[in-house]
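Okay, so here's the structure we're looking at.
Protein chains: 2
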Amino acid sequence: MRMNRGRLIVFSAPSGCGKGTMLAEILKDERFYCSISATTRKPREGEADGVNYYFLEKEDFVQRIDRNEFLEHACYCGNYYGTLVSEVESKLDAGVNVILEIEVQGAMKIKELRPDALFVFIAPPSVGELRRRLNKRGTETQEVIDKRVAQAAEELKYMEKYDYIIVNDALEDAVNDFFTVIRAESLKTSAQAEFIEEVIKNA
Amino acid sequence: MRMNRGRLIVFSAPSGCGKGTMLAEILKDERFYCSISATTRKPREGEADGVNYYFLEKEDFVQRIDRNEFLEHACYCGNYYGTLVSEVESKLDAGVNVILEIEVQGAMKIKELRPDALFVFIAPPSVGELRRRLNKRGTETQEVIDKRVAQAAEELKYMEKYDYIIVNDALEDAVNDFFTVIRAESLKTSAQAEFIEEVIKNA
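Sequences listed follow chains H and P, in order.
If you read the first sequence in this note's numbering, its first letter stands for residue 167, the second for the next number, and so on.
If you read the second sequence in this note's numbering, its first letter stands for residue 167, the second for the next number, and so on.
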């Protein structure tokens with residue numbers, strides 16, 4: 167039997183929704199790989215090339231843009247960030263599901279380019295709960311929290327553009343819901359063309 | 167919070183696919199109800215009205231057709247069979263998911279009338295395996311088995327019209343897949359309009 171191609175999964179969440187913790191759980195399953203972005207910003211303390219990011223020189227990055235090597239890219243605060251096509255396609259070909267952890271506007275770009283991708287949004291139970299969680303951490307000033315909550319509220323407006331919304335109320339349930347979505351997608355008739363063909367041919 | 171309406175689920179499988187056993191497992195979960203058909207055929211030994219079927223007089227049945235009381239109905243071997251709208255809607259309103267266990271042609275009629283329904287097809291791993299299972303029962307003549315296999319092969323051609331295909335290779339896995347599909351459907355953005363509205367309103 168031919169190996170099925172992996173699925174491209176766009177995974178977005180406002181900050182404070184536990185996206186990082188969820189991803190860490192999901193990535194324990196070897197059927198999933200989280201795409202590493204390329205960037206022109208300098209590595210921070212403890213960051214390694216090919217682990218946190220692919221750190222590229224600006225000239226190299228711009229040339230790669232010209233050669234259409236990016237699935238999407240954007241410039242924030244003077245630094246480029248992008249997803250390399252090569253990074254994604256080789257894994258998909260190997261049957262691995264590739265997760266793009268990406269903010270809503272990048273996600274909308276991917277949606278135009280790759281409508282076959284699966285769009286999953288991780289939402290907080292409510293914005294009030296999101297604020298409580300950020301407050302509870304106690305690591306940020308009220309001003310920073312206000313800014314992050316306002317940013318989250320903005321991102322939530324894009325939620326309806328996604329295929330699935332998983333509310334992260336309890337980590338384990340949210341992770342289970344993610345795997346549930348992946349399994350159900352594989353049971354869709356559109357994902358089983360090969361099975362249908364084989365069964366009917368041998369009927 | 168307002169109670170969500172139940173989902174109408176069309177559930178089809180060729181004979182020998184373990185549909186009955188799967189349904190028995192699914193119906194242990196009180197969120198699911200299997201619609202009882204109405205028929206004009208006479209009750210067989212052990213069959214009870216309101217349990218196996220609603221047994222109606224032909225005149226009553228025909229009048230109900232005229233009053234549009236059926237979601238779908240058909241005539242086989244001189245007897246009428248049909249699904250009463252009242253039977254379905256009251257349960258859906260109560261938040262219960264209503265399963266219509268129905269053959270492929272009835273399912274296609276429902277698809278035209280109720281495109282919002284969820285269409286689930288239970289398939290055998292292969293037609294060869296289906297034949298092996300029917301042979302193994304040892305309760306039917308080879309002629310009857312041949313006929314049922316031919317009928318199944320015919321029904322499999324409709325498989326691609328369904329939303330999901332669950333291969334019943336092992337009962338427990340197939341039942342889990344069914345619940346997986348139901349959960350994933352509830353995580354779809356289209357099923358979460360109320361949550362989206364509420365979160366954004368309070369953001």
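Even glycine gets a Cβ: it sits at the ideal position worked out from N, Cα and C.
Handout entry: One or two residues paired with Gly248 of chain P in a DSSP bridge
Key = If you number the second sequence from 1, residue 248 of chain P lands on position 82. Beta-bridge pairing links Gly248 of chain P to P:Ala204 and P:His239.
Exercise for the section: Buried or exposed for Ala350 of chain H, please, with buried defined as at least 16 other CB atoms from any protein chain shown within 10 angstroms of its CB. Expected result: To locate residue 350 of chain H, count along the first sequence from 1; it is residue 184. Buried.
Handout entry: Opposing strand residues paired with Ser178 of chain H [DSSP bridges]
Key = The sequence position of residue 178 of chain H within the first sequence is 12, counting from 1. According to DSSP, which records beta bridges pairwise, Ser178 of chain H is partnered with H:Phe287.
Practice task
Could you check the C-alpha separation between Tyr242 of chain H and Gly272 of chain H for me, to the nearest Å?
Solution key: For the purposes of this step, residue 242 of chain H is taken as the residue at position 76 of the first sequence. For the purposes of this step, residue 272 of chain H is taken as the residue at position 106 of the first sequence. For Tyr242 of chain H and Gly272 of chain H, the distance between alpha carbons rounds to 12 Å.
Handout entry: For Leu266 of chain H, the first and last residue of its enclosing beta strand (DSSP E)
Key = Working through the first sequence from its first residue, we reach residue 266 of chain H at position 100. Taken as a continuous stretch (DSSP letters only), the beta strand (DSSP E) holding Leu266 of chain H covers Asn263 to Glu267.
Practice task
With distances taken Cα to Cα, identify the nearest neighbour of Glu364 of chain P among H:Thr346, H:Tyr330 and H:Ala289.
Solution key: Counted from its first residue, the second sequence places residue 364 of chain P at position 198. Of the candidates H:Thr346, H:Tyr330 and H:Ala289, the one whose C-alpha sits nearest the C-alpha of Glu364 of chain P is H:Ala289.
Handout entry: Between the CA atoms of Thr206 of chain H and Ile192 of chain H - distance to the nearest angstrom
Key = For the purposes of this step, residue 192 of chain H is taken as residue 26 along the first sequence, with counting starting at 1. For the purposes of this step, residue 206 of chain H is taken as residue 40 along the first sequence, with counting starting at 1. Approximately 28 Å between the Cα atoms of the pair.
Problem - Cβ neighbours of Cys200 of chain P in the same chain (closer than 7 Å, five flanking residues each side left out) - result: The residue labelled residue 200 of chain P in the question sits at position 34 within the second sequence. Excluding sequence neighbours, Cys200 of chain P sits near Leu189, Leu193, Ile265 and Glu267.
Exercise for the section: Please determine, among H:Arg299, H:Tyr330 and H:Val315, the residue with the shortest C-alpha to C-alpha distance to Phe285 of chain H. Expected result: Residue mapping note: residue 285 of chain H aligns to position 119 of the first sequence, counting from 1. Among H:Arg299, H:Tyr330 and H:Val315, the Cα nearest to that of Phe285 of chain H belongs to H:Tyr330.
Problem - CB-CB length for Ile231 of chain H against Gly216 of chain H, believed under 8 Å - result: The residue labelled residue 231 of chain H in the question sits at position 65 within the first sequence. The residue labelled residue 216 of chain H in the question sits at position 50 within the first sequence. Not a contact, Cβ separation roughly 20 Å.
Problem - Start-to-end residues for the beta strand (DSSP E) that takes in Val333 of chain H - result: Reading the first sequence from its first residue, position 167 is the one you call residue 333 of chain H. Tyr330 to Val333 is the extent of the beta strand (DSSP E) around Val333 of chain H.
Handout entry: Environment of Ser356 of chain P [buried if 16+ CB atoms lie within 10 Å]
Key = In the second sequence, counting from the first residue as 1, residue 356 of chain P sits at position 190. It counts as exposed.
Exercise for the section: Can you grab the Cα-Cα spacing for the pair Met167 of chain P / Ala260 of chain P, in whole Å? Expected result: Within the second sequence, the letter at position 1 stands for residue 167 of chain P. Within the second sequence, the letter at position 94 stands for residue 260 of chain P. Its pLDDT being 44, under 50, Met167 of chain P is placed unreliably by the model, and nothing is read from it.
Practice task
To the nearest angstrom, report how far apart Thr307 of chain H and Gly184 of chain H are at their CA atoms.
Solution key: What you label residue 307 of chain H is simply residue 141 of the first sequence in a count that begins at 1. What you label residue 184 of chain H is simply residue 18 of the first sequence in a count that begins at 1. For Thr307 of chain H and Gly184 of chain H, the distance between alpha carbons rounds to 19 Å.
Exercise for the section: For Arg349 of chain P, decide whether its Cβ has a neighbour in chain H, counting only Cβ atoms nearer than 8 Å. Expected result: Within the second sequence, numbered from 1, the residue matching residue 349 of chain P stands at position 183. Cβ-Cβ to chain H under 8 Å: yes for Arg349 of chain P.
Practice task
Please report the Cβ distance between Gln317 of chain H and Pro180 of chain H, rounded to the nearest whole angstrom; I am assuming they are in contact, meaning their Cβ atoms lie under 8 Å.
Solution key: The sequence position of residue 317 of chain H within the first sequence is 151, counting from 1. The sequence position of residue 180 of chain H within the first sequence is 14, counting from 1. That pair is a contact at about 7 Å.
Practice task
Would you mind telling me which residues of chain H sit closer than 8 Å to Val293 of chain P, beta carbon to beta carbon, in chain order?
Solution key: As a first step, residue 293 of chain P must be located in the second sequence, where it is residue number 127. What Val293 of chain P touches in chain H: Val365, Asn368 and Ala369.
Exercise for the section: Would you mind stating whether Leu222 of chain P and Ala240 of chain P have Cβ atoms separated by less than 8 Å? Expected result: Numbered from its first residue, the second sequence carries residue 222 of chain P at position 56. Numbered from its first residue, the second sequence carries residue 240 of chain P at position 74. Contact flag unset, no.
Exercise for the section: Measure from the C-beta of Ala319 of chain P to each C-beta in chain H and report whether the shortest distance is under 8 Å. Expected result: Indexing the second sequence from 1 puts residue 319 of chain P at position 153. So yes, Ala319 of chain P belongs to the interface.
Practice task
State the DSSP-derived secondary structure class of Lys354 of chain H, mapped to helix, strand or coil.
Solution key: For the purposes of this step, residue 354 of chain H is taken as the residue at position 188 of the first sequence. Strand at Lys354 of chain H.
Problem - Per-residue DSSP class, three states only, for Asp215 of chain P - result: As a first step, residue 215 of chain P is located in the second sequence; it is residue number 49 there, counting from the start. Strand, per DSSP.
Exercise for the section: Could you pull the start and end residues of the alpha helix (DSSP H) that Asp232 of chain P belongs to? Expected result: Sequence index remark: in the second sequence, residue 232 of chain P carries index 66 (1-based). Counting along the chain, the alpha helix (DSSP H) containing Asp232 of chain P begins and ends at Lys224 to Asp232.
Practice task
Can you give me the Cβ contacts of Val262 of chain P inside the same chain, cut-off strictly under 6 Å, excluding the 5 residues immediately before and after it?
Solution key: For this step, residue 262 of chain P is matched to residue 96 along the second sequence. Around Val262 of chain P: Gly172 and Tyr199.
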